[in-house]
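Asks: As they're listed, the protein sequences go chains A and B. Throughout, the numbering used here is defined as the position within the first sequence, counted from one, plus 141. Throughout, the numbering used here is defined as the position within the second sequence, counted from one, plus 338. Virtual Cβ for every residue (Gly too), placed ideally from N, Cα, C.
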Amino acid sequence: MNTAEREARLLEIGRRVVQTSPADETEVLLADGRDFLTRFAGNQIHQNVGAEEVWAVVRVAAGRRLGVATASSLQPGALDTAVASAMAIARASEGEKDWPGLPKPRTTKKVGAYDEATAEASADARADFAAAIIAAARKKRAEAAGAVEIEEGSLAVVSSTGVAVASSDTRVQAHTVMACGDGSGYAEGVSARLADLDARRIGQQAALKAARSRKPEAVPAGRYDVVLEPAAVAEWVQHLSYLAFGGKDFDEGRSPFSGRLGQKVTGEQVTIWDNALDRRTLPQSFDYEGMPKQRLTLIERGIAKAVGTNHFRARRMKKRRSTGSALPASSGYECLPLHLFMKGGDSNLGQLIRDTKRGLLVTRFHYTNILDPMKTVLTGMTRDGTFLVENGEVVGPVKNLRYTENVLEALGRIDGLSRRLTLVRGPCVVPALRVREVQFTGTTEF
Amino acid sequence: MKTLLDRACELMKQAGASYGDVRIRQDRHESLAVKDGRPEHIAMSESAGFGVRVLVDGAWGFFGTHRLEESAVEDVVRQAATMARAAARLTEKPVVLAPLAPAVAQYETPHRKDPFAVPLEEKLALLVAASKAMRGPNLKLAQAFFAGFDTRQHFASTEGARIEQHIVQAGGGIAATAIAGGDLQVRSYPNSFRGNFCTGGYEYVEAMDLVGEAPRVAEEAEALLAAPPCPEGRRTIILDGGQLALQVHESCGHPIELDRVLGMELSYAGDSFLTPDKLGHFRYGSPQVHIAADATCPGGLGTFGYDDEGVPAQRTPIVEAGIFVGYLSSRETAPAIGRTSSGTMRASGWNRIPLIRMTNVNLLPGAAGRLEDLIADTDDGLFLVTNKSWSIDNKRLNFQFGTEMCREIQGGRLGRVYKNATYTGITPEFWGACDAVCGPEAWALWGTPNCGKGEPGQTARVGHGVSPARFRNVQVGVKA
Numbered sequence: 142m143n144t145a146e147r148e149a150r151l152l153e154i155g156r157r158v159v160q161t162s163p164a165d166e167t168e169v170l171l172a173d174g175r176d177f178l179t180r181f182a183g184n185q186i187h188q189n190v191g192a193e194e195v196w197a198v199v200r201v202a203a204g205r206r207l208g209v210a211t212a213s214s215l216q217p218g219a220l221d222t223a224v225a226s227a228m229a230i231a232r233a234s235e236g237e238k239d240w241p242g243l244p245k246p247r248t249t250k251k252v253g254a255y256d257e258a259t260a261e262a263s264a265d266a267r268a269d270f271a272a273a274i275i276a277a278a279r280k281k282r283a284e285a286a287g288a289v290e291i292e293e294g295s296l297a298v299v300s301s302t303g304v305a306v307a308s309s310d311t312r313v314q315a316h317t318v319m320a321c322g323d324g325s326g327y328a329e330g331v332s333a334r335l336a337d338l339d340a341r342r343i344g345q346q347a348a349l350k351a352a353r354s355r356k357p358e359a360v361p362a363g364r365y366d367v368v369l370e371p372a373a374v375a376e377w378v379q380h381l382s383y384l385a386f387g388g389k390d391f392d393e394g395r396s397p398f399s400g401r402l403g404q405k406v407t408g409e410q411v412t413i414w415d416n417a418l419d420r421r422t423l424p425q426s427f428d429y430e431g432m433p434k435q436r437l438t439l440i441e442r443g444i445a446k447a448v449g450t451n452h453f454r455a456r457r458m459k460k461r462r463s464t465g466s467a468l469p470a471s472s473g474y475e476c477l478p479l480h481l482f483m484k485g486g487d488s489n490l491g492q493l494i495r496d497t498k499r500g501l502l503v504t505r506f507h508y509t510n511i512l513d514p515m516k517t518v519l520t521g522m523t524r525d526g527t528f529l530v531e532n533g534e535v536v537g538p539v540k541n542l543r544y545t546e547n548v549l550e551a552l553g554r555i556d557g558l559s560r561r562l563t564l565v566r567g568p569c570v571v572p573a574l575r576v577r578e579v580q581f582t583g584t585t586e587f
Numbered sequence: 339m340k341t342l343l344d345r346a347c348e349l350m351k352q353a354g355a356s357y358g359d360v361r362i363r364q365d366r367h368e369s370l371a372v373k374d375g376r377p378e379h380i381a382m383s384e385s386a387g388f389g390v391r392v393l394v395d396g397a398w399g400f401f402g403t404h405r406l407e408e409s410a411v412e413d414v415v416r417q418a419a420t421m422a423r424a425a426a427r428l429t430e431k432p433v434v435l436a437p438l439a440p441a442v443a444q445y446e447t448p449h450r451k452d453p454f455a456v457p458l459e460e461k462l463a464l465l466v467a468a469s470k471a472m473r474g475p476n477l478k479l480a481q482a483f484f485a486g487f488d489t490r491q492h493f494a495s496t497e498g499a500r501i502e503q504h505i506v507q508a509g510g511g512i513a514a515t516a517i518a519g520g521d522l523q524v525r526s527y528p529n530s531f532r533g534n535f536c537t538g539g540y541e542y543v544e545a546m547d548l549v550g551e552a553p554r555v556a557e558e559a560e561a562l563l564a565a566p567p568c569p570e571g572r573r574t575i576i577l578d579g580g581q582l583a584l585q586v587h588e589s590c591g592h593p594i595e596l597d598r599v600l601g602m603e604l605s606y607a608g609d610s611f612l613t614p615d616k617l618g619h620f621r622y623g624s625p626q627v628h629i630a631a632d633a634t635c636p637g638g639l640g641t642f643g644y645d646d647e648g649v650p651a652q653r654t655p656i657v658e659a660g661i662f663v664g665y666l667s668s669r670e671t672a673p674a675i676g677r678t679s680s681g682t683m684r685a686s687g688w689n690r691i692p693l694i695r696m697t698n699v700n701l702l703p704g705a706a707g708r709l710e711d712l713i714a715d716t717d718d719g720l721f722l723v724t725n726k727s728w729s730i731d732n733k734r735l736n737f738q739f740g741t742e743m744c745r746e747i748q749g750g751r752l753g754r755v756y757k758n759a760t761y762t763g764i765t766p767e768f769w770g771a772c773d774a775v776c777g778p779e780a781w782a783l784w785g786t787p788n789c790g791k792g793e794p795g796q797t798a799r800v801g802h803g804v805s806p807a808r809f810r811n812v813q814v815g816v817k818a
């Protein structure tokens, strides 16, 4: 079955669910896809897995009372059961006084997110990819761990208001952590097409970093100017999104942006937007309510501009239309921008390092978590390549450190951004940054 | 079911598998959230399918499908075997499994009230009442939660194992969020992040007395808004059960996973400082620290009859009088330390391979009596209550935790309330500074329903039994 046929089938199943549902309003989100992942460690493959899955999320409204149920089958019986469960939930619920009804159809743009060659890539193709990374590790006498993941699938949304949209996409994510003695390095690649990723380059990048990070010296905790590579920047931007850019938390007063739209929240260097239609990310044409994706400016030159909404939150916030940020109805979080971009500057990673008198170069962060959601205080560790920079040169590796930092404040201290934007896992498209005086609050033994 | 299992085993052997197993699994999940006295989000989900795992040419392959029908078996086995052969191209050390006598058995979680049989209206009524009982001038959100899980699994292996399991889990809790002046403070009961969980039925949720505890929880959230931030310094601290459970989880539970120790999780969450050369002699903590992994613990969220390799649930000593003595292991990893599997392989669903997961990693009770006794025995310290934030490095050494609430202890009595408390340390130093653990009368089980691991990601429900404990000379807060 090709993607056009699969999309048509999902739409047909969705129409049947909507037509046979006893609810006043019915929406069904349907997915059909496959996920393959080859995982390696110690320079050999140790897990090689795949699964084919379908799922459906049924949302019904009985008057203003709502119910949601999910199923892992697209068979009529399973979907009828899901509708019945959703109806039972709706009957047990109280009416949602602000319920605006399901959204009406809007025109969506097609995005070229499906690559047939990627979808058909074999287990041997993934093993070849892993082998190229491992070969790069061996050249540096390093040991590679990592994963090559390929997903392909189709998604459809059908509702009783006339929404009927479907699309298909492929996604490839590859990453490796390399150990070289007591050194560690990291590299990754993300694309909709397997052919876009260069396994050897990913391997070489991680191996080089691992080799360079051997015999790290301890440096004390304290404030350091830092050069953050894109993976580290993305960690901050994505946590910021989770804290600040969701319409539900904003509406409930739990977001640091609550009551602050139009106000300065960080430095002028910071412009962040969401755009699932941009081919530089993993494109998506509509959200999980079937509403069109669009470009949404979240922070512009340090000013909070907007948050992501679904139809319900948009109406609660007196907006006519959602921003196309709906999550599946089964998610209690409701809405979130998922395709973030951060504007770059006029520098590059090398120049950011050369312009640093004394500071740290950070490859990425590990286990970031939230200490104070309203103040955007995060903590986390550096990982897989942290280096001391002195007088514009990387002088050597250092042991990892813990940072504890107010991220909106820290982004206000950016004094350099790379022109080049990099797609990293998330997806998130970001520059490298230099940030003054980031607070490191602890050290570790490696 | 039996026909599908038998057919899968037969086909796995025909495909050249030296070992293979198949799991048919059906999961049901119900999640209820009430906000400000009204049902906010109610969701039911069902998932069913089967997964086949084969060892061919010394390498693993796995494939899972939602097509729960005999006609799919041949294709699924073929795909799993193809995957194994591709992996074998890059496998220098063939997988060797620790021996196991195949079991033919049935297991079911003891429970009195099936959480899915309790009417939705009844469960909502409890949550609505609890939510309405949380009030205060700055209280912006009064939330109450329930979750039920029901897992039925049929397992078969090419070695002849045939195991049926039915696991029932339930839990819930309340949370009060107070917001004023740009500050947000949350108090939860009995634990943060949607409450506490167990293997058992709805009776567990009823026994929480969510409605009775609600006014106190709301008052504490309000009090936190007015409280000063916890001062920085080296302090004596006492951790309550909920926070200590997560401390055990992050700084003991994860670093004793033998797959992680052997580097198999390096590219995701990291490896471990507890390398095999430390086994049997490394001082992990003070002589007061005794830890065991116990999948047989009644009511623990990590309790089951057999793991997903068919290994019986068991109790494994991990730390004895402060000395590190054991790992969580699997049939594949146990030979690396010259042992047999400790029975900890679990998958999050039919579509995932089993991984080494925590069972109930328990800090065993000490001799410090009740919590009140431990506080009375402390001249100058802080009592840290209910987890708010957690972070730990990729070898599980440097950690930092934040708690919802902190109480000063002066002269053996609880004093003023502080907010935004954090503490940090290095794992063996921290556990080495443990000088008292409360007794069996203070020991309770805590469920962690959201333990993440693996690629593709898996979420496991695991447990931790703890009594509150005291630690000396701990860094509290952040040095500016």
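Check whether the region 170-180 of chain A touches the region 260-267 of chain A, taking contact to mean three or more Cβ pairs, one atom from each stretch, closer than 8 angstroms.
Replies: yes
Asks: Taking 8 angstroms as the threshold, find out whether the region 718-735 of chain B comes into contact with the region 540-555 of chain B through three or more Cβ pairs.
Replies: no
Asks: Distance cutoff 8 angstroms, beta carbons only. Does residue 395 (chain A) sit that close to anything in chain B?
Replies: Cβ-Cβ to chain B under 8 angstroms: yes for residue 395 (chain A).
Asks: Using DSSP with H/G/I as helix, E/B as strand and the rest coil, what is residue 773 (chain B)?
Replies: strand
Asks: Tell me whether residue 524 (chain A), by its Cβ, gets closer than 7 angstroms to a heavy atom of the ligand HEM.
Replies: For the ligand HEM, the structure offers nothing, since it holds no ligand at all.
Asks: Taking its Cβ as the centre, do 16 or more other Cβ atoms sit within 10 Å of residue 345 (chain A), making it buried, or is it exposed?
Replies: buried
Asks: Since residue 534 (chain B) sits in a beta bridge, which residues does DSSP pair it with?
Replies: Per DSSP, B:510.
Asks: Beta-carbon within less than 6 angstroms of residue 424 (chain B)'s beta-carbon, same chain only, minus the 5 sequence neighbours each way: which residues are those?
Replies: none
Asks: Counting only Cβ pairs nearer than 8 angstroms, list the residues of chain B close to residue 380 (chain A).
Replies: None at all; the shortest Cβ gap to chain B is about 12 angstroms.
Asks: Among all the DSSP beta bridges, which residues are the ones paired with residue 482 (chain B)?
Replies: B:372 and B:512
Asks: Take residue 401 (chain A) and list the residues in its own chain whose beta-carbon comes closer than 8 angstroms to its own, dropping the five residues that flank it on each side.
Replies: 445
Asks: I need the DSSP call for residue 568 (chain B), collapsed to helix, strand or coil.
Replies: coil
Asks: Based on DSSP bridge pairs, tell me the residues matched to residue 756 (chain B).
Replies: B:744
Asks: How should residue 598 (chain B) be labelled, buried or exposed, when 16 other C-beta atoms within 10 angstroms of its C-beta is the threshold for buried?
Replies: buried
Asks: In whole angstroms, what is the alpha-carbon distance linking residue 508 (chain B) and residue 454 (chain B)?
Replies: Going from the Cα of residue 508 (chain B) to the Cα of residue 454 (chain B) covers about 10 angstroms.
Asks: Would you please verify whether the beta carbon of residue 769 (chain B) is less than 8 angstroms from any beta carbon of chain A?
Replies: no
Asks: Please confirm if residue 178 (chain A) has its CB atom under 8 angstroms from at least one CB of chain B.
Replies: yes
Asks: Apart from the five residues on each side of it in sequence, which residues of its chain come closer than 8 angstroms, Cβ to Cβ, to residue 473 (chain B)?
Replies: 480, 553 and 556
Asks: Suppose the cutoff is 6 angstroms on Cβ atoms and the five residues either side in sequence are ignored; what does the same chain contact list for residue 762 (chain B) look like?
Replies: 738 and 813
Asks: If you drop the 5 nearest sequence neighbours on each side, which residues of the same chain put their C-beta closer than 6 angstroms to that of residue 191 (chain A)?
Replies: 177
Asks: By alpha-carbon positions, which one of B:368, B:417, B:705 and B:378 ends up nearest to residue 389 (chain B)?
Replies: B:417
Asks: Any chance the region 760-777 of chain B sits against the region 625-633 of chain B, with 3 or more Cβ pairs inside 8 angstroms?
Replies: yes
Asks: Going by the beta-carbon positions, is the gap between residue 583 (chain B) and residue 804 (chain B) smaller than 8 angstroms?
Replies: yes
Asks: Are residue 607 (chain B) and residue 732 (chain B) closer than 8 angstroms when you measure CB to CB?
Replies: yes
Asks: For residue 296 (chain A) and residue 200 (chain A), I'd like the C-alpha separation in whole angstroms.
Replies: 16 angstroms
Asks: Would you list the residues sitting across from residue 580 (chain A) in a DSSP beta bridge?
Replies: Bridge pairing for residue 580 (chain A): A:364 [DSSP].
Asks: Any chance the region 521-534 of chain A sits against the region 385-393 of chain A, with 3 or more Cβ pairs inside 8 angstroms?
Replies: no
Asks: What are the residues of the region 398-422 of chain B that lie near chain A, defined by any Cβ-Cβ distance shorter than 7 angstroms?
Replies: Answer in chain order: 398, 399, 400, 401, 402, 403, 404, 417, 420, 421 and 422.
Asks: Taking the C-alpha atoms as reference points, what is the distance between residue 382 (chain A) and residue 609 (chain B)?
Replies: 29 angstroms
Asks: I want to know whether the region 226-244 of chain A touches the region 723-730 of chain B - three or more CB-CB distances under 8 angstroms.
Replies: no
Asks: Is it buried or exposed, residue 248 (chain A), if we count other Cβ atoms within 10 angstroms and call 16 or more buried?
Replies: exposed
Asks: For residue 434 (chain A), which residues of its own chain have a beta-carbon under 7 angstroms away from its beta-carbon, when the five flanking residues on both sides are left out?
Replies: 417, 418, 425, 426, 427, 428 and 465
Asks: Pull up the DSSP beta-bridge partners for residue 635 (chain B), would you.
Replies: DSSP, once it has assigned bridges, lists no residue as partnering residue 635 (chain B).
Asks: Kindly indicate which three-state DSSP category residue 543 (chain B) falls into: helix, strand or coil?
Replies: helix
Asks: Check distances from the C-beta atoms of the region 751-776 of chain B to those of chain A and list, in chain order, the residues that come in under 8 angstroms.
Replies: 758, 760, 762 and 764
Asks: Enumerate in chain order the residues of its own chain whose CB-to-CB distance from residue 275 (chain A) is below 6 angstroms, with the five nearest sequence positions on each side excluded.
Replies: 184 and 285
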